[in-house]
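*Asks:* The working numbering puts the first residue of the sequence shown at 60, with every later residue one more than the last.
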Amino acid sequence: MAASPSMIAAVEALWRIPRPGPENLLAAPSFVALSEACQAEYGGGKPVFALSTALRSLGLPCHLPANSVGLSLDPVSAASAIDETYKRKTTLRRHLCPLDLADELPWMNFGSARVGRFTADELTDLFDGPRLARNFHNVSFEAGRLAQFHWLVVEEEIELDLRARTSLFGHLSFDRDFGEIDPHVGRFPPAVESALFFLLLAPWERWSTMQEVDWRGFRVPWIHTVDDDLFARPSPPPSADSLTLEPWIIQDNWGEDVELERPTALRLDDDAQSELALFTDSAWRELETARTSALFETPVAHFLVRGFLADGMDEVMAHMTAIEAAVGLEMDHKKGLRPKPDPHKKVWSATERVAARVAAVLKDGSSVQAYKDLFELRSTFVHGRAGLQKVSTAQRVMARSLARGVARGLVDVALQGARPRTDALSELLDQGAQYL
């Protein structure tokens, strides 16, 4: 897609500005001329800040150090890129998530996500290394060091609105509550949390050989998002020092010790490789189908991911809440909402009703007492009762195991066919009552 001659001429004028450029680029006559040309050709108002961001990402020569002039695109290519940016209706966002502390993992591809270890060149492409170099002259992208780690890469196509992209405040409305909270928004973008939920259905706590250190098979300390939209300001390149590396001593050809570094890993048992191979695109599609059912109208995924991201008692509380979200009903606590006659009137308490469903989903009678013990621990913590002891590794792992097992089992129940949530959970209570 070619830019118009007037656009090319306006960009060429900017490209001729000598280094180090004006103190205020936005007030420079050549920048004002380009901004006005964009408004005349594409509409949407004067794109002052968005255009400045795009120019830096394209390598505006006066913005680059003398030793980085080769990073600049030629003015014709830059004008065409601006033209394409204005006309595009969607953008690709790529979320790059380091799997810190991960042991050796198989390659996995599911939906728009993949898990693997990439070469330095591949990571440079994924992070759009040249764009980072044009924007952050004093921060190097450590592709070689970062390539030692496994990565979860999630991509999503996002619809764009020209006015929202090119205006400083977009369509921001000032007559709304800026302190309001969306209860279902997590720490990471929804596409990333969906991919994490899929991975967290794997029994990492069972594969872990160091549960006292961490039952998780990996950690995700941060994510880096690359947006193909040139109007989106890129984030600085991440540092490998933010991940967990350890000294590694090897001997060279002359027998001399050489100190290198390598990622620290939470070791998994041998079952992990073969069982993770089952986490395929087909399994992902089954999960997506299950999540459209009434059984996943509650925030099961939200709290299972919270349990993974949280530490300390918050981790246990999130896992207990995930179980409640999965197999709990309002009528468990409000007897007036129960059907009359109540087919489960002998199962009186909310705790027992949830415990019975847990046992039904897991097909394991021992899970009843395990859930009751954890619920008592949770209640002691919440209500500030005296005598609360430190939570043991076994208790932490059990909370995670029950939450993960119930979430995974709920997928199977959902795939059995569409029905109201109350009906499905009533059947689980029927099946689980025998274990009480």
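We treat Cβ as the ideally placed atom computed from N, Cα and C, and that holds for glycine. In this text, all values refer to a predicted model and were calculated from it rather than measured experimentally.
Please name the residue in Q270, H378, E334 whose C-alpha comes closest to that of R326.
*Replies:* On the sequence shown, position 267 is the one that residue 326 refers to. Of the listed residues, the one whose Cα sits closest to R326 is Q270.
*Asks:* Sorted by chain position, which residues of the same chain lie with C-beta nearer than 8 Å to T149's C-beta, five sequence neighbours on each side aside?
*Replies:* By 1-based counting over the sequence shown, the position of residue 149 is 90. These residues qualify, in order along the chain: E216, I217, E218, L219.
*Asks:* Count the other CB atoms within 10 Å of the CB of A13; is the residue buried (16 or more) or exposed (fewer)?
*Replies:* Outside the shown range of the chain, which is 60 to 495, sits residue 13, and nothing can be said about it.
*Asks:* Given F434, which residues of its chain have a CB within under 6 Å of its CB, disregarding the five upstream and five downstream residues?
*Replies:* As a first step, residue 434 must be located in the sequence shown, where it is residue number 375. The answer, listed in chain order, is T410.
*Asks:* How long is the line joining the alpha carbons of A161 and G245, rounded to whole angstroms?
*Replies:* Taking the sequence shown and counting its residues from 1, one reaches residue 161 at position 102. Taking the sequence shown and counting its residues from 1, one reaches residue 245 at position 186. Straight-line Cα distance between these residues: approximately 23 Å.
*Asks:* Alpha carbon to alpha carbon, what distance is there between R467 and R350?
*Replies:* Along the sequence shown, one-based indexing puts residue 350 at 291. Along the sequence shown, one-based indexing puts residue 467 at 408. Roughly 11 Å between the two C-alpha positions.
*Asks:* Tell whether a beta-carbon distance below 8 Å holds between T303 and D432.
*Replies:* By 1-based counting over the sequence shown, the position of residue 303 is 244. By 1-based counting over the sequence shown, the position of residue 432 is 373. Not in contact: T303 and D432 (Cβ atoms no closer than 8 Å).
*Asks:* With respect to 7 Å, is the separation between the Cβ of M167 and the closest non-hydrogen atom of the ligand MG below this value?
*Replies:* Of the ligands one can find in the structure shown there are none, so the ligand MG has no counterpart to examine.
*Asks:* Which stretch, first to last residue, makes up the alpha helix (DSSP H) that contains A349?
*Replies:* Reading the sequence shown from its first residue, position 290 is the one you call residue 349. Residues 340–350.
*Asks:* Rounding to the nearest angstrom, what Cα-Cα distance links F186 and Q448 in this structure?
*Replies:* Taking the first residue of the sequence shown as position 1, residue 186 is located at position 127. Taking the first residue of the sequence shown as position 1, residue 448 is located at position 389. Taking the straight line from one Cα to the other gives about 46 Å.
*Asks:* What residue ranges within the stretch 120–177 form continuous alpha helix (DSSP H) runs of no fewer than 4 residues, ordered along the chain?
*Replies:* 134–146, all fully within the stretch 120–177.
*Asks:* Starting from E305, trace the beta strand (DSSP E) in both directions and tell me its first and last residue.
*Replies:* Working through the sequence shown from its first residue, we reach residue 305 at position 246. Run containing E305: 304–310, per the beta strand (DSSP E) assignment.
*Asks:* Where DSSP assigns a beta bridge to I217, which residues make up the other side?
*Replies:* Position 158 of the sequence shown, counting from 1, holds the residue named residue 217. DSSP lists T150 as partners of I217.
*Asks:* Along the chain, where does the alpha helix (DSSP H) containing E334 start, and where does it finish?
*Replies:* Walking along the sequence shown from the start, residue 334 turns up at place 275. Per DSSP, E334 belongs to the alpha helix (DSSP H) from 330–335.
*Asks:* Considering Cα atoms alone, identify which of I382, R397, A62, W274 is closest to A415.
*Replies:* The residue labelled residue 415 in the question sits at position 356 within the sequence shown. Among I382, R397, A62, W274, the Cα nearest to that of A415 belongs to I382.
*Asks:* Pick out whichever of L205, R463, P106 has its Cα sitting closest to the Cα of T380.
*Replies:* Indexing the sequence shown from 1 puts residue 380 at position 321. Selected option, being the one with the closest Cα: R463.
*Asks:* Please name the residue or residues paired with D286 in a DSSP beta bridge.
*Replies:* As a first step, residue 286 is located in the sequence shown; it is residue number 227 there, counting from the start. For D286, which the question treats as bridged, DSSP gives the partners R152.
*Asks:* Going along the chain, which residues of its own chain have a beta-carbon closer than 7 Å to the beta-carbon of T348, five neighbours each way excluded?
*Replies:* The residue given as residue 348 occupies position 289 in the sequence shown. The residues are L474.
*Asks:* Candidates V417, A92, A261: which alpha carbon is nearest L73's?
*Replies:* Translated into the one-based positions of the sequence shown, residue 73 becomes position 14. Nearest of V417, A92, A261 to L73, Cα basis: A92.
*Asks:* For the alpha helix (DSSP H) containing P64, list its first residue and its last residue.
*Replies:* Stepping through the sequence shown from its first residue, residue 64 is reached at position 5. Taken as a continuous stretch (DSSP letters only), the alpha helix (DSSP H) holding P64 covers 64–74.
*Asks:* Name the two residues that bound the continuous alpha helix (DSSP H) containing D432.
*Replies:* As a first step, residue 432 is located in the sequence shown; it is residue number 373 there, counting from the start. Taken as a continuous stretch (DSSP letters only), the alpha helix (DSSP H) holding D432 covers 425–441.
*Asks:* Can you grab the Cα-Cα spacing for the pair A527 / R365, in whole Å?
*Replies:* One cannot answer for residue 527 here, as it falls past the ends of the chain, which runs 60 to 495.
*Asks:* Do you know offhand how far E305's Cα is from P296's?
*Replies:* Translated into the one-based positions of the sequence shown, residue 305 becomes position 246. Translated into the one-based positions of the sequence shown, residue 296 becomes position 237. Cα to Cα, E305 sits roughly 21 Å from P296.
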